[in-house]
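To start, the structure under review is shown below, and the notes come after it.
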Amino acid sequence: MITPVDLAAWPTTEAAALAEQHRLRPLVEPHGPAPAPGALVAGVDVAYDDDRDVVAAAAVLLDLDTLEVVERATAVGRIAFPYLPGLLAFRELPAVIDALSRLTRRPDLVVCDGYGLAHPRRLGLASHLGVLTGLATMGVAKTPFTFSHTAPAPERGAWTPLVDAADGSEVGRALRTRAGVKPVFVSVGHRIGLSEAVSATLALTPEYRLPETTRQADSLCRRALAEAVAG
DNA sequence: GCGACAG
DNA sequence: ATCTTGTCGC
């Protein structure tokens, strides 16, 4: 039987174990170059059927220049963890990693639906995924979670700092990807810097508020879930 | 002590 | 996330 106390404690224990394993080098690298022209950028997302205990994840690979989908992969399984704010990685990553592993090419960057550094423990699902896979990762979230920000100017590309009121640190940016539309929240995961993550986000949002990677992964995992539940 | 709380 | 009616606009 798992108690709430156990759930709250084990990520910290896990982080400590990982920190010990990687004592001689940084666990997370919150800096690095923007994806080069022609890079393969992956989008990942997950859909759930809580009643039937089914989870479906999708990983799509896009060409950064054309934004065309060049590869798709899905994975279906049982739900491994409940949704607990702050522990989203433990719910989403098992299926996400399964789907990612079915791609035949290695992504140059993975864009996650959620946060990286912008997390109460500075290890959101994007950071977590980066550490587990070694891939460059970043997060683009749709809501500010527990962080605060002022409204960016109305034009596309405008941004303001996303701040953790607990310590005043800048953990990401509120970025306007469409003029006059509410911003998205970009944060660094692994092996990419914040400015570079913002650039990548703008490259992935020529038309819609959310990155093309997220949109493609979202529709694919919903389709995969419907198929899994039906069949 | 009580809410708020990525998806 | 998921559920869920109507509405505005290209």
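Anchor point for the first sequence: position 192 equals 271 in my numbering, and the numbering is continuous, going up by one each time. Where is the CB? At the ideal position from N, CA and C, for every residue including glycine. Everything numeric in this text was worked out from a predicted model, so none of it was measured.
Contact between Gly-122 and Pro-290 holds: their C-beta atoms lie close to 7 Å from each other, under 8 Å. Collapsing the DSSP output to three states places Pro-262 in coil. Residue nearest to Val-263 within the set Trp-238, Ala-282 and Ile-271 is Trp-238 (criterion: CA-CA distance).
A direct Cα-to-Cα measurement between Ala-303 and Asp-128 gives close to 11 Å. The Cβ-Cβ distance between Val-189 and Leu-208 falls below 8 Å.
Exclusion of the five residues before and after Leu-182 leaves Ala-121, Ala-138, Leu-140, Glu-150 and Ala-152 as the residues of its chain whose Cβ lies within less than 8 Å of its Cβ. Taking C-beta separations shorter than 6 Å and ignoring five residues to either side along the sequence, the partners of Leu-179 in its chain run Ala-138, following chain order. With 16 or more neighbouring CB atoms inside 10 Å of its own CB, Ala-113 falls in the buried class. Counting along the chain, Leu-141 sits inside the beta strand (DSSP E) bounded by residues 133-142. The DSSP-derived three-state label of Val-107 is coil. Cβ contact annotation for Pro-233 (same chain, cutoff 8 Å, sequence separation greater than five): Arg-255, Ala-258 and Gly-259, in chain order.
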